[in-house]
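Residue numbers (this note's numbering), protein chains in the order written: chain A, -10 to 212; chain B, 299 to 489.
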């Protein structure tokens, strides 16, 4: 049961973006289209899963862990930076369009707080398998969250939803039907802050409602 | 000279690092609740950013490019930045214990502040010369301080305002940041 918890807690309960509010910079910058968000998600997935695995492998070996503990943060950063360099080179070789549109945000995965945060908070204290599950869960939670923001922004800002390359939805007819233009503001930097703020507020409101409902139910049970 | 002024203005206002490039959002939202902390964090970032950009630029041009190992830049840059942050931390702890106490956990976090690594990388990808690197980085840092300061004043006001429950905290801060971003992007017509 615990294993499944490790995997699924990243989806909603401890979602890195919406609950812990970590890794804001890439999630604001690359959410101009769904394609970019998914590309960023793939990069983070690869780096987070492997870095969790390597860190927990190092830290579960007693001799190595004692050696590493005083300088653990630099060690984690070097592990993460190496993995990010691998991702960067792979994307440059096989996904050149994505590489160009993500630009400087690929090397910046190094300083994504989610990855270092999970290494320090989870992987350093848990077994390799659990850490990999945690990494997968957190990465999927992150990808889901930025995908949600990017769908919101791309639909309102450009009227399209690009899933991958030419494959996507063209929803401009909805705007035509309403005699409106897509709101370009939403794919500009301004829209990133605005969309994130509105989505976060909506989710908080839903979360508060849920909490109230649970509290009310417990009150009736106890009363 | 004209180029440098245009570059400086763009770095300061129109390409503002926080509001248009989204670097350094974590300290932007985390430390900007009080004016004093925002300024302290701002100057710490400016200082680290300037030194690390100069060091990484020289390393890139004179070591990595000479040896043909440009792909090592991410690893080398982050190591330079991490050690610089350690130095700044020791320095501030010695010179101003009060400031050290106020900034608390955010100082080590400059290491994972994307602004510092981001600017070091931008200087490389934009093919800046050495002088351009210094000017660009200085004004990016000043722009960071400016926005942090304005934003911290706004947040001191928001703290007393009747904000709807679900907007409290980060959501309202982001909406305010959006309005600031509109204002800053409209300066683009000047140059």
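All residues carry an ideal CB built from backbone N, CA and C; glycine is no exception.
With a cut-off of 8 Å on Cβ pairs, the region 341 to 348 of chain B is in contact with the region 378 to 395 of chain B, counting three or more such pairs.
Burial of residue 98 of chain A is indicated by the presence of at least 16 other C-beta atoms within 10 angstroms of its C-beta. Residue 70 of chain A reaches chain B at 372, 373, 376, counting residues in chain order whose Cβ is nearer than 7 Å. Counting along the chain, residue 310 of chain B sits inside no alpha helix (DSSP H), nor does DSSP assign it H or E at all. Measuring C-alpha to C-alpha distances from residue -5 of chain A to each of A:59, A:118, A:104, A:168 identifies A:118 as the nearest. In the DSSP annotation of this structure, the continuous segment of the alpha helix (DSSP H) that includes residue 25 of chain A starts and ends at 23 to 49. For residue 157 of chain A, the enclosing beta strand (DSSP E) stretches over residues 156 to 159. By the 16-neighbour rule on beta-carbons within 10 angstroms, residue 127 of chain A is buried.
Pairing residue 441 of chain B with residue 303 of chain B, the inter-Cα distance amounts to about 14 Å. Contact with chain B is absent for residue 42 of chain A, since none of that chain's Cβ atoms lies less than 9 Å from the residue's Cβ.
The count of Cβ pairs closer than 8 Å, one atom from the region 180 to 193 of chain A and one from the region 31 to 40 of chain A, stays below three, leaving the stretches out of contact. Residue 178 of chain A places its beta carbon 9 Å or farther from that of residue 330 of chain B. Ranked by Cα distance from residue 86 of chain A, the options A:122, A:25, A:197 are led by A:25. The continuous beta strand (DSSP E) containing residue 150 of chain A extends over residues 149 to 153. Pairing residue 369 of chain B with residue 74 of chain A, the inter-Cα distance amounts to about 7 Å.
A distance below 9 Å separates the beta carbons of residue 49 of chain A and residue 116 of chain A.
Within chain B, 320, 323, 324, 327 have C-beta atoms less than 8 Å from the C-beta of residue 13 of chain A, given in sequence order.
In this structure, the alpha-carbon of residue 105 of chain A lies about 25 Å from that of residue 21 of chain A. Exposed is the label assigned to residue 396 of chain B, since fewer than 16 other Cβ atoms lie within 10 Å of its Cβ.
For residue 434 of chain B, the uninterrupted alpha helix (DSSP H) segment begins and ends at 428 to 456.
Residue burial is scored here from C-beta neighbours: residue 313 of chain B has at least 16 other C-beta atoms within 10 angstroms and is therefore classed as buried. When the beta-carbon positions are compared, residue 174 of chain A and residue 146 of chain A come within less than 9 Å of each other. Residue 393 of chain B sits away from residue 350 of chain B, with the two beta carbons spaced by 9 Å or more.
Segment contact: the region -1 to 8 of chain A against the region 53 to 71 of chain A, fewer than three CB-CB distances shorter than 8 Å; contact not assigned. The beta carbon of residue 28 of chain A does not come within 9 Å of any beta carbon belonging to chain B, so the residue lies off that interface. Counting the other CB atoms within 10 Å of its CB gives residue 94 of chain A a total of 16 or more, which places it among the buried residues. Ranking A:160, A:120, A:154 by CA distance to the CA of residue 46 of chain A puts A:120 first. Residues of the same chain with a CB within less than 7 Å of the CB of residue 470 of chain B, apart from the 5 flanking positions on each side, are 456, 461 in chain order. Taking one beta carbon from each stretch, the region 314 to 328 of chain B and the region 432 to 448 of chain B have 3 or more pairs nearer than 8 Å; the two touch. Chain B places no beta carbon closer than 9 Å to that of residue 46 of chain A, leaving this residue out of the contacts. Below the 7 Å Cβ cutoff, chain B contributes no neighbours of residue 112 of chain A, its closest Cβ being approximately 16 Å away.
Between residue 23 of chain A and residue 136 of chain A, the gap from beta carbon to beta carbon is short of 9 Å. Residues of chain B whose Cβ lies closer than 9 Å to the Cβ of residue 186 of chain A are, in chain order, 465, 468, 469, 470, 471, 472, 473, 474, 475, 476. DSSP places residue 425 of chain B outside any alpha helix (DSSP H), giving it a letter other than H or E. A direct Cα-Cα distance of roughly 31 Å separates residue 150 of chain A from residue 107 of chain A. Separation of the CB atoms of residue 19 of chain A and residue 129 of chain A is rounded to 17 Å, and the pair is thereby denied contact status at 8 Å.
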